[in-house]
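Just below is one structure, and these are the notes that go with it.
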DNA sequence: ATGCCTCAGCTCCTGAGA
């Protein structure tokens, strides 16, 4: 079973690339669940028919211009929840559903802009609310995956210039403390369960030849619960779509689980 | 230097992303 996350930075623009990427998977190892972020379209504009034609179900939670998340799945998704219950938010950032016995929480974490900004304050509040939502979901769903665009790096390994970017957005102690608190709920960073190529990132700035120079950050993560950890056999960043014409600034991250015991 | 790209929208500039 393969579960993936991809911030597409406008599904309107990236839909052909998403469909091509799904179609390019090996027939014996398709992507079973794909969490998308930054749809940047309202619910009525979601291209549901295109995913149906490709053999996928879809659940979506859109918003005009900004944000918007979706779960694309080969099996139907059930028990869908949009955003964080009990947390008032006018942004569409979270979608949760159960697919093939796995509780999947797809999330587009706030950017935060700068540590001294109002948006950073919102990011901290949002992170606290998300943690309580994940904590509650784990009680009833031990097989759980939390994945998406976290907009936070774990440590210097995730940053192309850890000295120059120390303390800047995505790299602050406050953000990393929140990220570790999520892990401390009983989750594991799939990517670091395996040896990885040095300087592995999931996002590169569009400017200054960021991708070509591999000046990036690893900010897209797939955390798996303790119960799922024994099933994880691989986690990789697929850099290929970042080489497409008109790419998203993010690359997909994919985790592979073996069949349930 | 606060821009360098990219995208959406009250579209020929601005805000936001990260």
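Residue numbers (this note's numbering): -7 to 253.
All residues carry an ideal CB built from backbone N, CA and C; glycine is no exception.
Given the structure is predicted, the values throughout are model-derived calculations rather than measurements.
Residue 72 and residue 89 - do their beta-carbons sit closer together than 8 Å? Working through the first chain from its first residue, we reach residue 89 at position 97. Working through the first chain from its first residue, we reach residue 72 at position 80. Yes, the pair counts as a contact, with Cβ atoms nearer than the cut-off.
Applying the criterion that 16 or more other CB atoms from any shown protein chain within 10 Å of the CB defines a buried residue, is residue 200 buried or exposed? Within the first chain, residue 200 is the residue found at index 208, counting from 1. Per the 10 Å Cβ criterion, exposed.
Check residue 103 in the structure and name its three-state DSSP category. Your numbering for residue 103 matches position 111 in the first chain. Here residue 103 sits in coil by DSSP.
Where the alpha helix (DSSP H) through residue 132 begins and ends: Counting from 1 along the first chain, the entry for residue 132 is found at position 140. Per DSSP, residue 132 belongs to the alpha helix (DSSP H) from 110 to 132.
Using CA coordinates, which residue listed in 213, 154, 209, 140 is at the minimum distance from residue 63? Counting from one through the first chain, the residue named residue 63 turns up at place 71. Closest by alpha carbon: 140.
Give a yes or no on whether the C-beta atoms belonging to residue 227 and residue 185 are separated by under 8 Å. Position 235 of the first chain holds residue 227. Position 193 of the first chain holds residue 185. It is a contact, given that the beta carbons lie within the stated cut-off.
Extract the residue ranges of the beta strand (DSSP E) inside the segment 58 to 105, only unbroken runs of 3 or more that lie entirely within it. You should have 61 to 65, 70 to 74, 86 to 91, 94 to 100.
Given residue 208, which residues of its chain have a CB within under 6 Å of its CB, disregarding the five upstream and five downstream residues? For the purposes of this step, residue 208 is taken as the residue at position 216 of the first chain. Apart from sequence neighbours up to five positions away, the residues of its chain that approach residue 208 with a beta-carbon distance below 6 Å are 152, 193, 195, 196, ordered along the chain.
Under the three-state reduction of DSSP, which class applies to residue 53: helix, strand or coil? Position 61 of the first chain, counted from the start, is the residue given in the question as residue 53. In the three-state reduction of the DSSP assignment, residue 53 falls in the strand class.
Below 8 Å on the Cβ atoms is my guess for residue 86 versus residue 240; work out the distance and round it to an integer in Å. Here residue 86 is taken as the residue at index 94 of the first chain, counted from 1. Here residue 240 is taken as the residue at index 248 of the first chain, counted from 1. Contact doesn't hold; Cβ gap of about 20 Å is too wide.
Quick one: grab the DSSP three-state call for residue 252. Locating residue 252 in the first chain gives position 260, where the first residue counts as 1. Looking at residue 252 - three-state DSSP - the assignment turns out to be coil, as it is neither helix nor strand.
List the endpoints of the continuous beta strand (DSSP E) containing residue -2. The sequence position of residue -2 within the first chain is 6, counting from 1. Unbroken beta strand (DSSP E) run through residue -2: -6 to -1.
Assigned secondary structure, residue 175 (DSSP; H/G/I helix, E/B strand, else coil): Reading the first chain from its first residue, position 183 is the one you call residue 175. The answer is helix: DSSP assigns residue 175 an H, G or I state.
Grouping DSSP H, G and I as helix and E and B as strand, with all else coil, what is residue 238? Here residue 238 corresponds to residue number 246 of the first chain, with the count starting at 1. Reduced to three states, the DSSP call for residue 238 is coil.
Check whether the Cβ atoms of residue 143 and residue 101 sit closer than 8 Å, and answer yes or no. Position 151 of the first chain, counted from the first residue, corresponds to residue 143. Position 109 of the first chain, counted from the first residue, corresponds to residue 101. With respect to residue 101, residue 143 sits close: the two C-beta atoms are nearer than 8 Å.
Does DSSP put residue 24 in a helix, in a strand, or in coil? Counting from one through the first chain, the residue named residue 24 turns up at place 32. In the structure shown, residue 24 sits in a strand (DSSP, three-state: E or B).
Could you work out which residue in 104, 214, 173, 16 is closest to residue 98 when comparing CA atoms only? As a position in the first chain, residue 98 is number 106, starting the count at 1. The residue with the shortest Cα to Cα distance from residue 98 is 214.
With distances taken Cα to Cα, identify the nearest neighbour of residue 237 among 219, 30, 8. For the purposes of this step, residue 237 is taken as residue 245 along the first chain, with counting starting at 1. Of the candidates 219, 30, 8, the one whose C-alpha sits nearest the C-alpha of residue 237 is 8.
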